[in-house]
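For reference, the structure discussed in these notes is given below.
4 protein chains.
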Amino acid sequence: MAMDADERTEGKKRAIMKAALEILTEKGYHPTTIEEIAERAGVGKGTVYLYFKSKLELVAEVIDTVVQTHLQEMKEQMSTVKGALEKLLVLAGIEYTFMRRHGPLAQILGAGEVLGLAPEFRSQMCNWRQRYIELIEGIVEEGQREGVFRTSISPFLAATIIFGARLAILQLALETDLENRADEVRNQVLEFVLHGLGAPV
Amino acid sequence: MAMDADERTEGKKRAIMKAALEILTEKGYHPTTIEEIAERAGVGKGTVYLYFKSKLELVAEVIDTVVQTHLQEMKEQMSTVKGALEKLLVLAGIEYTFMRRHGPLAQILGAGEVLGLAPEFRSQMCNWRQRYIELIEGIVEEGQREGVFRTSISPFLAATIIFGARLAILQLALETDLENRADEVRNQVLEFVLHGLGAPV
Amino acid sequence: MAMDADERTEGKKRAIMKAALEILTEKGYHPTTIEEIAERAGVGKGTVYLYFKSKLELVAEVIDTVVQTHLQEMKEQMSTVKGALEKLLVLAGIEYTFMRRHGPLAQILGAGEVLGLAPEFRSQMCNWRQRYIELIEGIVEEGQREGVFRTSISPFLAATIIFGARLAILQLALETDLENRADEVRNQVLEFVLHGLGAPV
Amino acid sequence: MAMDADERTEGKKRAIMKAALEILTEKGYHPTTIEEIAERAGVGKGTVYLYFKSKLELVAEVIDTVVQTHLQEMKEQMSTVKGALEKLLVLAGIEYTFMRRHGPLAQILGAGEVLGLAPEFRSQMCNWRQRYIELIEGIVEEGQREGVFRTSISPFLAATIIFGARLAILQLALETDLENRADEVRNQVLEFVLHGLGAPV
DNA sequence: TATGAATGAGGATTCATTCAT
DNA sequence: CATGAATGAATCCTCATTCAT
Chain A
57 MAMDADERTE GKKRAIMKAA LEILTEKGYH PTTIEEIAER AGVGKGTVYL YFKSKLELVA
117 EVIDTVVQTH LQEMKEQMST VKGALEKLLV LAGIEYTFMR RHGPLAQILG AGEVLGLAPE
177 FRSQMCNWRQ RYIELIEGIV EEGQREGVFR TSISPFLAAT IIFGARLAIL QLALETDLEN
237 RADEVRNQVL EFVLHGLGAP V
Chain B
57 MAMDADERTE GKKRAIMKAA LEILTEKGYH PTTIEEIAER AGVGKGTVYL YFKSKLELVA
117 EVIDTVVQTH LQEMKEQMST VKGALEKLLV LAGIEYTFMR RHGPLAQILG AGEVLGLAPE
177 FRSQMCNWRQ RYIELIEGIV EEGQREGVFR TSISPFLAAT IIFGARLAIL QLALETDLEN
237 RADEVRNQVL EFVLHGLGAP V
Chain C
57 MAMDADERTE GKKRAIMKAA LEILTEKGYH PTTIEEIAER AGVGKGTVYL YFKSKLELVA
117 EVIDTVVQTH LQEMKEQMST VKGALEKLLV LAGIEYTFMR RHGPLAQILG AGEVLGLAPE
177 FRSQMCNWRQ RYIELIEGIV EEGQREGVFR TSISPFLAAT IIFGARLAIL QLALETDLEN
237 RADEVRNQVL EFVLHGLGAP V
Chain D
57 MAMDADERTE GKKRAIMKAA LEILTEKGYH PTTIEEIAER AGVGKGTVYL YFKSKLELVA
117 EVIDTVVQTH LQEMKEQMST VKGALEKLLV LAGIEYTFMR RHGPLAQILG AGEVLGLAPE
177 FRSQMCNWRQ RYIELIEGIV EEGQREGVFR TSISPFLAAT IIFGARLAIL QLALETDLEN
237 RADEVRNQVL EFVLHGLGAP V
């Protein structure tokens, strides 16, 4: 019974965050209203303020949760394989999974909406981006140590490029239905990342 | 004198768009107010509505103009050189120029802020993105015909990747001061794009 | 045990009223929230509504209690001395005691805050004021009968004036620290009340 | 015509302040809503914010204006007569005039509602009270120099007492209809102030 | 054409009160 | 009896848009 209450409470907070996430990804920060969030979450307007001090904090927590989850998931998956090449492969796979699950939120993370959000969000977004890039950077460094990646490119720069490329593909996938061509796309991207566009000598 | 009036009129519209662009890039769509735009443009609030039907239309036109200008500029520069490789190089150079001129607006275009903007903007943004990618796609195709680019990668996918990579580097440049390392960065990016990350055989 | 329950119950009601009184004197009616009262009283928010039908009733009862207590106390002290002059002296002394005990609540009573309170309070405040003045009026009448007070002044008017003068001094005491000059002040006030400001003939 | 615009504008600000004053004196700070003020002033809700940055500032300005006006008026009238005794008389007269004109606002000033108002108001109210008392203090000092007032009472204390007495009488006048007995009341009050309550020796 | 005063719909937030446990 | 989670009415304030001049 105690767990019941806990569950319901936690359920309510989760419902609010879920609703907020959905509407945020649909409309962005400003057009999203607390009233609509409450309505979709099936709670009263005031209830939102029992769990979050303000709209800003609610959104911040929503974003943070998604980001943390995503990063955590990536790290976990990453640790299941050995070798930088394999990790790159895994990385690509995760993105699809994540996208299917969290749908258009990826946009908030990817696209940033940095400007539309209050300045408070900027650092949060940048922070996330940075950590994401760091993760990739680690893989690149590992690959360079392993000798499978060329060392003439700065790991950070390479990571940044890969990050951007991935976002673009993600965005593409959100607009187009790549579902059934997922494998083909992944292979081509991987080929690009590994061998570049230049014709083989 | 007639021209004078015309000029003044045109000047006013341009002043409004210029002011709007500046503030938009500073704050994003929603926090930008018509009042502030009018003030910075040195016109009355009501005057804005003589030239634009609504805030939405004003912003749409502003974005469109910037995008058109940018694309136009890219095409022009592109036509001054021959060969896909050279065009890629030129492309990179333009980005820096553009960035220095239009500063953080690149974010609105690049990062999208798709979500913060009213749904109406989405198609506009996507449209722009698409045309930008098409431009790059053209270069890729040209390179493939020339035999300098590998043909195993879909031109569209390659263009998308390059587009994303460029945006990420752009974003990086906006946050960090790469000014003095611009050449180095450009070279590394180019190397990446041409030969990929894979260690040379 | 039964008494215990009663005591606890009574204790709870008293705790609520005490907390309410404290916060009311700190902030006034509107800024005081039931939640804060409950918290300071160490009870649940809902508990307040077991003892009081509404915020209004709670505050009304709090004020009434303080007023009753104060008046009662005054009457008791008054009855310990004989003679209108002595009673006036005692009256002054009580004020200081009261003030030290109930602190700024005196303001609510004195200053009225009539306007900040719901109209319902007005009559309550006026009622209290009236009874307070009546008490003084009684002393004045007694003094007139005794021949120590001049009869050319209406007892009611005199009482009103004395009431106002006392409030002003009270307010002064609340702002300034008169503690150590209390006797001097009391003497001067008494001199004023008895002989007025006019130079002795 | 220019004046016309000015007049209308000034008229609007004045209408808002007038409406605010009325409702404030009826209900006090918190229960007074901007909407009601706007409605009674015959303007839109938003218009209020063209003239005042916030509810707080509106109220502050309203109070300040009344206070300034009242003090100014008192000083002017005071300067028309010579001698402390005469000035005291004039003072009493003004109060009635003021009251008839500004009606229940006197309550806000007198009663203070110090507690119900935001802390910001407290200093404003105290400040006003202080200046009012200083004015009376000046008269007392003058009277002492002239030899018509006894010197054994501190001018400040005397002024405070007179201030309080006046407020009490004012309050009385607001509740009761003293209109037709105004002269009698004034005389009795004056007698009290000059000769006190003590029986003549 | 140009203006800016005026407007009111819309949104975040608070808090007295209720009610299921 | 006691609780505090839940609610939504109520309020301040913003800002796109209109319109009289």
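Protein chains in written order, with the working numbering: chain A, 57 to 257; chain B, 57 to 257; chain C, 57 to 257; chain D, 57 to 257.
Using N, Cα and C, we set each Cβ at its ideal position, and we do this for glycine too.
Keep in mind the model is a prediction, meaning the values are calculated, not measured.
{"Item": "Three-state class that DSSP yields for F177 (chain A) in the structure shown", "Value": "helix"}
{"Item": "Near the ligand ATP: K109 (chain B) beta-carbon under 7 Å from a heavy atom", "Value": "Of ligands this structure carries none, so the ligand ATP is not represented either."}
{"Item": "Members of the segment 217 to 247 of chain A near chain B, C-beta cut-off 9 Å", "Value": "I217, I218, F219, G220, A221, R222, L223, A224, I225, L226, Q227, L228, E231, E240, V241, Q244, V245 and E247"}
{"Item": "Residue-level contact to chain A via CB, F205 (chain B), 8 Å cutoff", "Value": "yes"}
{"Item": "Beta-carbon proximity list for K111 (chain D), same chain, < 7 Å, skipping 5 on both sides", "Value": "I90"}
{"Item": "Of the residues C:A229, C:V241 and C:G139, the one placed nearest E202 (chain C), counting alpha carbons only", "Value": "C:G139"}
{"Item": "is_contact[I93 (chain D), chain C] using C-beta, thresh 8 Å", "Value": "no"}
{"Item": "Neighbour flag for H251 (chain C) against chain D, beta carbons, 8 Å", "Value": "yes"}
{"Item": "Cβ-based burial, P256 (chain C) [other Cβ within 10 Å; buried from 16]", "Value": "exposed"}
{"Item": "Proximity below 8 Å, CB of V122 (chain C) to CB of L77 (chain C)", "Value": "yes"}
{"Item": "Beta carbon proximity, A214 (chain B) to chain A, threshold 8 Å", "Value": "yes"}
{"Item": "Chain A within 8 Å of S110 (chain B), Cβ atoms only", "Value": "no"}
{"Item": "Where the alpha helix (DSSP H) containing H86 (chain A) begins and where it ends", "Value": "No alpha helix (DSSP H) holds H86 (chain A); DSSP gives it neither H nor E."}
{"Item": "Assigned secondary structure, G139 (chain C) (DSSP; H/G/I helix, E/B strand, else coil)", "Value": "coil"}
{"Item": "Extent of the continuous alpha helix (DSSP H) run through R242 (chain A)", "Value": "A238 to H251"}
{"Item": "Cα-Cα separation, T103 (chain D) to Y85 (chain A)", "Value": "28 Å"}
{"Item": "Separation of V115 (chain B) from G172 (chain A), as counted between CA atoms", "Value": "Low per-residue confidence applies at G172 (chain A): pLDDT is 48, beneath 50, and the placement is therefore not dependable, though the value from the model is reported in the following sentence. Their Cα atoms are separated by approximately 14 Å."}
{"Item": "Buried/exposed call for E193 (chain D), threshold 16 Cβ in 10 Å", "Value": "buried"}
{"Item": "Residue environment, Q227 (chain C), which counts as buried when at least 16 other CB atoms sit within 10 Å", "Value": "buried"}
{"Item": "Contact check, R96 (chain D) vs I119 (chain D), beta carbons under 8 Å", "Value": "no"}
{"Item": "Neighbourhood of M73 (chain A) by C-beta distance below 8 Å, restricted to the same chain and skipping five residues each side", "Value": "L114, E117, V118 and T121"}
{"Item": "Cβ-based contacts, 7 Å cut-off: residues of the segment 65 to 79 of chain A near chain B", "Value": "none"}
{"Item": "G254 (chain A) versus R187 (chain A): straight-line alpha-carbon distance, rounded", "Value": "30 Å"}
{"Item": "Proximity of I225 (chain A) and V241 (chain A) at Cβ, strictly below 8 Å", "Value": "yes"}
{"Item": "Limits of the unbroken alpha helix (DSSP H) element including D120 (chain D)", "Value": "K111 to M134"}
{"Item": "Cβ of G139 (chain D) within 8 Å of any chain C Cβ", "Value": "no"}
{"Item": "Within 8 Å, strictly: CB atoms of C189 (chain B) and T232 (chain B)", "Value": "The sequence shown places Ile at residue 189 (chain B), rather than the Cys named in the question. In this structure, T232 (chain B) does not lie closer than 8 Å to I189 (chain B) by Cβ."}
{"Item": "Cβ neighbour criterion (16 or more within 10 Å) applied to Q200 (chain B)", "Value": "buried"}
{"Item": "Closest residue to M130 (chain D) among D:L141, D:L147 and D:E142 (Cα-Cα distance)", "Value": "D:L147"}
{"Item": "Nearest-angstrom Cα separation, counted from L106 (chain C) out to G252 (chain D)", "Value": "52 Å"}
{"Item": "Per-residue contacts from S210 (chain C) into chain D (C-beta, under 9 Å)", "Value": "E240, V241 and Q244"}
{"Item": "C-beta neighbour in chain B for H86 (chain A), strict 8 Å", "Value": "yes"}
{"Item": "Assumed close pair Q244 (chain A), L213 (chain B) - CB separation to whole angstroms, cut-off 8 Å", "Value": "5 Å"}
{"Item": "C-beta neighbour in chain A for G194 (chain B), strict 8 Å", "Value": "no"}
{"Item": "Separation of L144 (chain C) from T198 (chain C), as counted between CA atoms", "Value": "The residue you asked about is not Thr; residue 198 (chain C) is Glu in the sequence shown. If I take the Cα positions, the gap works out to 11 Å."}
{"Item": "Limits of the alpha helix (DSSP H) - the one that T216 (chain B) falls within", "Value": "P211 to E231"}
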